[in-house]
Structures are given as C-alpha cells and as structure tokens.
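So the structure is just underneath, and the comments pick up after that.
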Amino acid sequence: MTKVSMTVNGKAASGEAEGRTLLSSFLREELGFTGTHVGCDTSQCGACVVHVNGVAVKSCTMLAVEAEGAEVATIEGQAAPDGTLNTIQQAFQDHHGLQCGFCTPGMVMSTAALLKENPKPSEQEIREYLEGNICRCTGYHNIVKAIMAASGQDVSAIAAE
Amino acid sequence: MPKDSGIGASPKRREDVRFLTGTGNYTDDINLNGQAYVHFLRSDMAHGRITSIDTTAAAAMPGVVRIFTGADFEGVGGIPCGWQITDKHGEVMQEPAHPVLAQGKARYVGDAIAAVVADTAEQARDAAEAIELDMEELPAVIDMKAAVQEGATKVHDDLTSNLCYDWSLPEDNKPAVEEAFANAAHVTTLELVNNRLIANPMEPRVAVGDFNRATGDSTLYTTSQNPHVIRLLMGAFVLGIPEHKLRVIAPDVGGGFGTKIFHYAEEAFCTFAAKALNRAVKWTSTRSEAFISDAHGRDHVSTIQLALDADNNFTALRTDTYANMGAYLSTFAPSVPTWLHGTLMAGNYKTPAIYVNVKAVFTNTVPVDAYRGAGRPEATYQLERVIDKAARELGVDPVALRRQNFITEFPYATPVAVEYDTGDYNATMDKLEEIADFAGFAARRSASEARGKVRGLGVNCYIEACGIAPSNLVGQLGARAGLYESATVRVNATGGLVVMTGSHSHGQGHETSFPQVIAEMIGIDESMVEVVHGDTANTPMGMGTYGSRSLAVGGSAMVRATEKIIAKAKKIAAHLMEAAEADVELKDGAFSVAGTDKSVAWGDVTLAAYVPHNYPLEDIEPGLEETAFYDPANFTYPSGAYACEVELDPETGKVSIERFAAADDFGNVVNPMIVEGQVHGGIGQGIGQALLEGAVYNEDGQLLSASYMDYAMPRADDLPFYQVDHSCQTPCTHNPLGVKGCGEAGAIGSPPSVVNAVVDALQSMGKDVTHVDMPLSPARVWQAMQG
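Each protein sequence line maps, in turn, to chains A and B.
Oh and the first sequence: position 69 is 69 in my numbering, straight run, nothing missing.
Oh and the second sequence: position 99 is 260 in my numbering, straight run, nothing missing.
The structure is reproduced here in structure tokens:
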C-alpha cells in the first residue's frame with residue numbers, strides 16, 4: 001500500500017492505495033467521493049469521468065498513484081458552495097437531461113470539458129463528443145438539448161422536452 | 162396555457178439536485194462497518210459437470226473469510242419462479258430447480274459455482290482464481306429449434322426434454338383460423354427473429370447483506386425495482402426468513418428496464434452469508450459479470466401469417482414462436498412470451514380469428530426474462546412487420562391498409578382474451594402524419610438521392626397492455642403473486658404529507674410526479690408532499706415498478722388513500738366549523754361551508770388531528786394517516802403510431818435515422834416533461850434493438866457480445882432528436898386518474914418502423930427484399946442490397 005495525496009475539489013485529500021487501485025476506486029472507496037460512478041470495466045461508459053489537472057479523464061483508466069499531487073475535480077465540486085447548481089447542472093435539470101442519474105456525473109464532467117474547448121458546439125459536435133458517455137435512459141435527446149442550452153444556444157425550435 | 166403546478170404541469174424534477182451534485186445514494190455507495198466482499202467464481206463452460214472443487218489453497222489466501230460452494234446450499238431453497246404456465250394440453254410447465262450456487266452441473270457461461278468472501282474485493286477476486294475447479298465439458302444446447310429435437314442434450318437431466326411448455330391462445334380458435342386461411346384471398350407469411358438483448362441499466366447490480374445477531378434481523382440493500390417482491394421471494398422461498406425479520410432496501414437505483422425486477426442468486430447469497438458469518442457481505446457486479454448474469458431479454462424466433470379477404474380486410478392471424486428461457490426460469494420469464502405476448506397479437510386491428518402458439522425452450526444460455534416492453538415488443542414487431550409486408554405484396558399503402566382494419570369501437574374484446582377500454586387509433590395516426598410530415602417525404606427522398614443516399618419511410622402502430630394487473634385474472638393465468646399496489650399517506654400535524662408507496666422510482670421521477678397528484682387533490686403546494694419508496698420497513702407491501710404500472714396502479718392507490726384522508730379531514734373541519742359534514746368543501750387547501758363565510762385552513766385541520774382538544778373524539782380517532790391497496794379492474798391499453806425515416810448508404814449499408822416521430826395516447830398525463838422523457842428513452846432502446854444491439858452466442862455457448870466493446874449500446878451520435886406527441890388522449894375508464902402508462906411504449910413502438918423504413922428504402926432501389934433481421938447492421942443491409 002502506498003500513501004497517495006491529491007487535491008480534490010480544491011481541498012487536500014490523501015489515502016492508501018495499492019499499485020493496482022484505480023483512481024475511480026480510490027475516489028469512491030478511500031476518499032468517499034461516491035458521486036463518481038463506475039458503469040463498466042472497459043473504459044466505455046464514461047460514468048466515471050473526472051477532471052485531472054483540468055483535463056477530462058475516465059477515472060477507471062488511471063491508477064490512483066498516477067494522480068499523486070494532481071488537482072482533481074469531481075461532480076461533488078461543481079455546484080457553488082451555497083448549493084447553487086452551475087450552468088451545466090442547471091441546464092440538465094431545466095431540460096430533463098437525466099433520469100436515473102447514474103451516468104449524470106460523467107455527462108456533466110464531460111460537458112464541462114467540451115464547453116471549455118468548444119463554447120458553442122453544434123448538435124453534431126455534441127453527439128460526437130459524447131461518444132464516450134453512455135446513457136441508457138434518455139435516448140440522449142434531452143442531454144444534447146441541455147448541453148446546447150448550457151452553451152447559450154436557443155433550443156426552442158427543438159421538440160419540447 | 163400550460164399549468165405551472167398540479168396534474169398536467171412539468172415542474173423540474175426534485176430528485177435531479179442530488180443526482181447532479183453527486184449526492185445520490187446508490188447501493189454501491191453504501192458501505193457497512195466491517196463489511197466483507199464476495200467474488201463469484203462463474204462457469205466458463207456453457208454446460209459442464211463439476212467433478213471436483215478444491216478450495217484448500219484458495220482458503221489460505223490473504224484476507225479470505227470463507228469460501229462457499231453448492232454444498233453449502235443443500236437444503237436451502239432455490240430461486241423461485243413467480244409464474245406457472247399451463248400448456249395447451251392442460252399440463253403445467255416443466256420447472257427446474259435453480260440453486261443459489263450450482264450443484265453438480267453448470268448450465269450457462271456465468272452460472273455461479275463458488276463464492277469467495279474476503280476482507281477486500283481484491284482479495285476475494287485473487288482467491289477465486291486459486292480455486293481448483295475440475296469440470297467435464299458437456300455438449301451445449303444453444304439453438305432453440307435444435308434443443309427440442311428428439312435426442313437433444315438436456316439442460317436439466319431430471320426434466321423430460323428442453324421444452325418448458327407448448328402454449329396456445331386460444332386453442333378453441335384453431336379451427337376458425339384454419340378455415341379463414343383456407344378461404345383467404347391473400348396470405349402473407351413472414352419468418353423473423355426478435356433479437357436477444359441485454360438490458361444494461363448503467364448501474365450494475367449490487368447487493369449488500371447485513372445481519373444483526375442481537376435481534377436476529379436480516380437486511381438486504383439491493384438494486385431492485387421491487388424490494389417487497391424480493392423480500393417475499395427470498396424470505397419465503399429461499400432462505401426461510403419471515404417478512405418481519407427481513408428488511409429489503411432499494412435506495413437510488415440507476416435504471417432497471419426490467420432486469421432489476423427479478424430475484425437473483427447474488428441477493429440470496431449475500432443475505433445468507435451475512436448471517437452465516439455475522440458480518441455484512443457486499444457484492445458489486447462488474448459490467449462483464451452483468452453481461453453473463455443479468456437476465457437477458459427478447460430472443461424469439463417466429464413465423465407469422467396474415468390472411469386477408471379480397472377487400473384487404475384482415476380475416477385471420479396465426480403465429481408460431483420459439484421463446485428462449487435460457488438455462489433456468491427467471492422470476493417472470495414464463496409470462497413474457499405467453500400472457501404478455503399472445504394477448505397483444507390483435508394489435509390495433511379487428512382481426513376476427515387469431516391463434517398463437519409459443520414453445521418455450523431451455524438452452525445453455527443466461528436466463529431470459531422481461532426487458533422493457535416484455536412480450537409486447539415481440540408481438541408488435543411480428544404484427545407490424547407482417548402487415549407492412551402484406552401491404553407491399555398487395556401494392557397498397559401500408560398506412561391505408563392499417564386504417565382500414567383499425568378497431569374503431571370501444572370497449573373491444575379481442576379474440577385473444579383481453580378487452581381494450583378506450584383508444585382512437587385514427588387520431589394517433591392523423592397526428593403522426595402531421596408531426597412526421599408525411600407530405601414532405603417525397604422531397605426529402607429526392608434530396609437524399611441527390612446526395613447519393615437512399616431514403617425510406619416506415620410506419621407502425623402499437624398497442625400494449627400496462628397497469629399490470631388485476632390480481633384475480635393473473636392468478637387464473639398462473640401468476641404466483643397479486644399485482645395490486647399500495648400507498649400510505651401520512652399527514653403531519655403542520656400540514657405536510659408523506660406518501661409511502663410500494664412503487665419504486667429508478668429514473669421515472671416519482672418523487673416529482675406523485676406529489677403533483679396529491680397537491681392537486683388537496684389544493685396545496687407540491688413542496689408540502691414528500692415521497693418515500695424503496696424500503697420495506699417504511700412502505701406498505703407493494704409490488705414495485707414494471708409493466709408501466711406505477712402511476713396507473715401505484716398512483717391509483719395513492720389517490721384512494723388521499724381520498725380517505727380528505728374524507729376524514731372533512732369530518733374534522735365540519736366539527737371545527739360547527740357545520741354538517743355534507744356541506745363542507747375542500748378547495749385550494751381550505752375547507753369552507755357552502756353558502757357561508759366559514760372557513761378553516763388545511764393546516765388548522767391537520768393540527769387538530771394531532772392536538773385533538775377541540776375534536777370529535779367520540780366519532781373519529783385522532784391522527785391523519787390512511788393506507789389504500791389498489792387492485793386494478795383491467796389492464797390499461799396505451800397505443801400509438803410511430804414513423805421512422807432512414808437513410809441508407811449504398812456503399813456501406815450503414816443506416817442512419819434521419820427522423821423519428823411518435824404519436825402516443827397515454828390517456829391523461831400528469832407530468833408531460835417526464836412522459837416525453839420516458840418516450841425518448843424507450844425510442845432510444847427500440848432503435849438500439851433495430852440497428853445495433855444483439856446478444857450473440859457461438860455454438861459452444863460463449864457469449865461473444867459480452868462487453869461494451871462488442872455489444873453495441875446506442876451512443877448519442879447513433880440517434881436523432883425525436884418528435885413526440887401525446888395530445889391524443891382517451892383516458893383509461895377504470896382507474897381514478899384516467900392514466901394508461903408510458904414507460905415501455907417507446908421500446909415497443911419503435912423497432913418495426915425502423916425495419917419497415919429500411920425495407921422501404923431497399924425496395925425503392927429496386928431490390929427484391931422483403932425482410933432483414935435485426936439488428937440492421939451495415940453488413941446485413943449491404944448483403945441485402947446485393948440481391
């Protein structure tokens with residue numbers, strides 16, 4: 001076991017990890033950030049997306065020890081300290097972009113990364129960017145719509161949610 | 162103007178806040194003090210005799226607490242089946258034993274043989290690899306038709322064959338159907354496969370068993386759509402724990418789609434082991450395990466024939482289906498190809514004579530059970546494909562042929578044992594023609610052609626039976642459970658309410674929609690109503706959520722309980738206002754006496770109920786809490802019409818969905834936003850079935866599509882925006898809300914229109930293609946183009 005230290009959502013955090021411990025397991029089991037979900041074991045579903053040093057990563061594809069000293073952002077740190085949802089979270093609620101909520105943390109974190117590199121993505125750009133995030137509930141309609149809305153685009157012409 | 166609260170409004174979902182901030186409480190988020198972890202050693206053979214299991218070395222590995230094998234479960238009950246089918250000869254189905262851990266033989270790849278409990282999940286996994294397991298490989302039975310041939314290897318040695326049952330509906334109709342076929346002007350025949358699917362809710366299954374030696378109480382936390390059903394099945398049939406000593410909690414559940422209805426061996430194992438070890442035991446499925454241990458769905462092979470007279474009226478329908486049960490009978494498996502399938506074969510049409518035959522077959526594959534729609538998608542697919550084929554053979558418009566044969570008068574008793582209460586199939590078809598813009602199709606087809614693509618339009622209708630179900634009826638049909646639903650409405654002294662429901666929400670938004678109903682009934686703000694679900698300790702016995710039943714059955718129970726609350730509250734209000742009870746009215750959260758200025762607020766009455774100083778104690782008890790159990794009088798019958806436009810790439814055979822429209826009749830709608838979201842999700846899964854998804858076994862019984870690398874889950878760029886409409890509303894006549902249910906419609910209604918559209922496109926190229934089996938992969942479509 002190795003001691004691993006990192007900053008999670010702006011606060012120092014540390015715990016014990018084996019060499020094989022995945023960052024997703026470390027966040028969930030060791031540090032208690034259970035908002036990051038694990039939906040597969042082949043790095044396909046994207047429920048575990050977090051940001052490491054500002055870059056979106058699937059935390060099941062990274063070892064905990066690789067994140068030593070890193071700045072990690074998870075879903076738990078996205079809302080304001082008073083609980084106010086951020087623009088993306090609010091758009092997902094406003095446009096019913098989630099149902100069971102299991103893929104949602106990864107969707108929100110991927111969306112944040114998308115909008116950082118492409119502030120006004122087209123429908124097609126959003127759909128292609130979400131290739132690595134699987135949702136089984138929504139048929140993606142309201143997720144795509146929420147992301148367009150979160151980026152300030154007029155979604156009134158898209159069929160009502 | 163849309164309402165901003167109550168029935169018909171679309172308030173934002175209150176559950177979203179916790180899901181959007183990472184503060185949901187899913188089963189895998191639950192960790193109990195000192196818990197151990199279990200890893201299951203699963204068979205890698207589809208069919209094998211266990212000759213020896215040596216756990217000595219594994220048991221000595223670091224952290225191992227104990228290793229369990231089938232021998233530990235001798236004398237313990239097996240996993241029960243909740244539905245017994247009686248076949249066409251009056252014989253009951255063959256029902257094999259289904260042990261918690263395999264005994265003697267493993268019968269599918271994934272069948273659990275041993276369970277290692279250790280201090281950590283990694284230690285359990287490592288030790289499982291050290292178990293010395295010897296198995297003699299036996300021939301695997303994979304193909305259903307081969308499985309029922311004389312001399313086929315038997316999945317279960319103690320059964321007479323691999324045929325579970327040979328069922329028909331109704332046997333009495335057979336002569337009339339045969340006569341109609343003999344006299345038909347035209348007969349259309351179609352053989353088709355309803356592809357095997359894997360439900361794949363994004364949250365894998367999890368079970369945490371706990372035991373309190375001081376009280377003797379067992380607790381199971383599990384990813385279930387129906388915690389009371391699990392408590393009853395596991396407690397009564399597997400482990401012998403009475404309900405009052407067993408609590409089952411299904412907290413936030415990350416999607417179900419049917420596959421989390423069933424009672425699984427892993428749940429029983431964790432509960433059993435927690436007691437045996439006096440220690441909490443946790444199992445978290447990996448996705449790879451989910452593929453080979455969650456019940457699969459669909460997997461029918463059918464031949465359907467439609468007879469028409471010279472005027473193109475449907476005169477008879479007959480269908481023969483082989484339905485895969487897998488290796489064991491999962492909880493509701495026998496009901497899916499029978500009463501949830503055969504009864505829907507009339508569809509939206511007045512076909513006078515129908516005969517359905519279903520042979521259910523055991524194979525060395527994962528058990529197959531209900532998946533979103535459960536039997537109704539299979540019925541709809543057969544019927545709507547054969548009608549489309551008939552229209553093309555006869556050279557008539559597929560929509561016109563459907564309209565000509567629509568049922569138009571209600572109630573309508575079908576020849577297959579059900580009675581539709583309401584519907585208006587022309588209205589949904591009219592709406593579909595409008596929202597799908599049939600008129601603009603020719604221009605869009607030309608535009609596609611100009612781009613070198615081939616466009617096709619496919620249409621279908623559907624009807625489903627939801628609101629499952631009248632207990633006395635399903636009891637006659639073989640159900641071993643009642644299918645009522647329950648609600649307790651507790652009013653607090655200061656006027657807020659808690660509704661404790663037997664329904665379960667795992668994405669459907671009950672915490673938002675159920676309060677809309679109660680708030681409207683009383684005339685208070687929705688924020689005054691809270692929903693509690695998912696814990697057998699604080700909800701009344703209920704049957705849970707599946708079959709699009711939560712609002713139609715669970716909501717009805719909630720309405721009945723609230724009616725009792727209002728009736729009692731009126732007595733209290735009458736006392737407070739010194740008025741006759743009959744003169745008291747409740748409106749906008751206040752009680753008043755007709756024709757006077759007397760009024761008391763809702764909160765004054767609720768306070769009086771708990772501080773009964775000025776109270777009619779001689780007539781009524783203090784307190785304000787009521788329970789209702791609602792048993793539906795009939796199924797509900799949502800219906801609709803769907804249209805899909807596809808574009809084929811003639812170079813590659815790739816199909817892209819260009820437009821998709823759905824016009825549904827769900828009766829009354831409580832929360833349009835949630836209803837439309839349910840339809841979107843169902844369509845996404847239906848398009849997934851039609852284009853992408855398929856569970857594929859090789860002849861040795863290895864599941865080839867056993868991860869997201871191989872099983873094609875629909876991604877965002879596979880799907881379009883959908884045009885959905887639910888403005889055609891013929892309210893259900895027999896439940897108090899007039900609602901029909903919307904959860905499965907999209908998955909039932911969408912596959913046929915996708916396939917119809919692809920066939921339309923292929924025929925527009927001049928290809929002599931009448932059918933392509935799902936999933937319509939580029940390889941299959943390209944092959945069809947070469948004909």
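The beta carbon of each residue, even a glycine, is placed where N, CA and C say it ideally should be.
Segment limits, alpha helix (DSSP H) that includes residue i
{"i": "Ile292/B", "result": "Note, Ile292/B: premise wrong, no alpha helix (DSSP H); not H, not E."}
{"i": "Ala681/B", "result": "Sequence check: residue 681/B is Glu here, not Ala. Element bounds for Glu681/B: 671-683."}
{"i": "His141/A", "result": "141-150"}
{"i": "Thr87/A", "result": "87-94"}
{"i": "Asn587/B", "result": "586-596"}
C-beta neighbour in chain B for residue i, strict 9 Å
{"i": "Thr7/A", "result": "no"}
{"i": "Lys145/A", "result": "yes"}
{"i": "Leu23/A", "result": "no"}
{"i": "Pro105/A", "result": "yes"}
{"i": "Glu161/A", "result": "With a pLDDT of only 42 at Glu161/A, under the threshold of 50, the placement of this residue in the model should not be trusted, and no figure is reported."}
{"i": "Cys48/A", "result": "no"}
{"i": "Ser142/A", "result": "It should be pointed out that residue 142/A corresponds to Asn in this sequence rather than to Ser. Answer yes: the Cβ-Cβ gap between Asn142/A and chain B drops below 9 Å somewhere."}
{"i": "Asp82/A", "result": "no"}
{"i": "Leu115/A", "result": "no"}
{"i": "Asn118/A", "result": "no"}
{"i": "Gly139/A", "result": "yes"}
{"i": "Asn133/A", "result": "yes"}
{"i": "Leu85/A", "result": "yes"}
{"i": "Ala67/A", "result": "no"}
Residue i versus the options, residue with shortest Cα-Cα distance
{"i": "Arg710/B", "options": "Asn633/B, Glu787/B, Asn795/B", "result": "Asn795/B"}
{"i": "Met109/A", "options": "Thr21/A, Val65/A, Lys58/A", "result": "Lys58/A"}
{"i": "Glu691/B", "options": "Leu555/B, Arg651/B, Gln669/B", "result": "Arg651/B"}
{"i": "Thr931/B", "options": "Ala945/B, Ala940/B, Gly716/B", "result": "Ala945/B"}
{"i": "Leu778/B", "options": "Thr512/B, His736/B, Ala740/B, Val409/B", "result": "His736/B"}
{"i": "Cys103/A", "options": "Gly46/A, Thr21/A, Ser25/A, Ser24/A", "result": "Gly46/A"}
{"i": "Val575/B", "options": "Val261/B, Asn334/B, Phe752/B", "result": "The sequence given here has Thr at residue 575/B, not Val. The candidate whose alpha carbon is nearest that of Thr575/B is Asn334/B."}
{"i": "Gly584/B", "options": "Ala597/B, Glu594/B, Met834/B, Thr569/B", "result": "Thr569/B"}
{"i": "Ala908/B", "options": "Tyr542/B, Arg179/B, Gln310/B", "result": "Tyr542/B"}
{"i": "His457/B", "options": "Tyr869/B, His667/B, Thr526/B, Ala597/B", "result": "Thr526/B"}
Where residue i falls: helix, strand or coil (DSSP)
{"i": "Gly167/B", "result": "coil"}
{"i": "Met254/B", "result": "coil"}
{"i": "Val52/A", "result": "strand"}
{"i": "Ile246/B", "result": "coil"}
{"i": "His736/B", "result": "helix"}
{"i": "Cys60/A", "result": "helix"}
{"i": "Arg179/B", "result": "helix"}
{"i": "Ile228/B", "result": "strand"}
{"i": "Glu161/A", "result": "With a pLDDT of only 42 at Glu161/A, under 50, the local geometry of the prediction cannot be trusted, and no value is derived from it."}
{"i": "Ser385/B", "result": "coil"}
{"i": "Phe201/B", "result": "strand"}
Bridge partner(s) assigned by DSSP for residue i
{"i": "Gln884/B", "result": "Ala822/B"}
{"i": "Cys805/B", "result": "Gly619/B, Phe821/B"}
{"i": "Arg651/B", "result": "Val659/B, Glu786/B"}
{"i": "Asp696/B", "result": "Ile410/B"}
Where the beta strand (DSSP E) through residue i begins and ends
{"i": "Thr349/B", "result": "347-355"}
{"i": "Asn473/B", "result": "That residue, Asn473/B, is in no beta strand (DSSP E); it is neither H nor E in DSSP."}
{"i": "Leu469/B", "result": "461-469"}
{"i": "Glu782/B", "result": "Per DSSP, Glu782/B belongs to no beta strand (DSSP E) and is neither H nor E."}
{"i": "Asn518/B", "result": "514-523"}
{"i": "Leu923/B", "result": "Note, Leu923/B: premise wrong, no beta strand (DSSP E); alpha helix (DSSP H) at 906-925."}
Heavy atom of the ligand MG within 8 Å of residue i beta-carbon
{"i": "Asn186/B", "result": "Judged by which ligands are present, the structure shown has none, so any question about the ligand MG falls away."}
Short CB-CB distance (under 9 Å) between residue i and chain A
{"i": "Arg440/B", "result": "no"}
{"i": "Ser449/B", "result": "yes"}
{"i": "Glu672/B", "result": "no"}
{"i": "Pro362/B", "result": "yes"}
{"i": "Asp687/B", "result": "As written in the sequence, residue 687/B is Glu, which differs from the Asp given in the question. So, not an interface residue."}
{"i": "Gly843/B", "result": "yes"}
{"i": "Leu864/B", "result": "no"}
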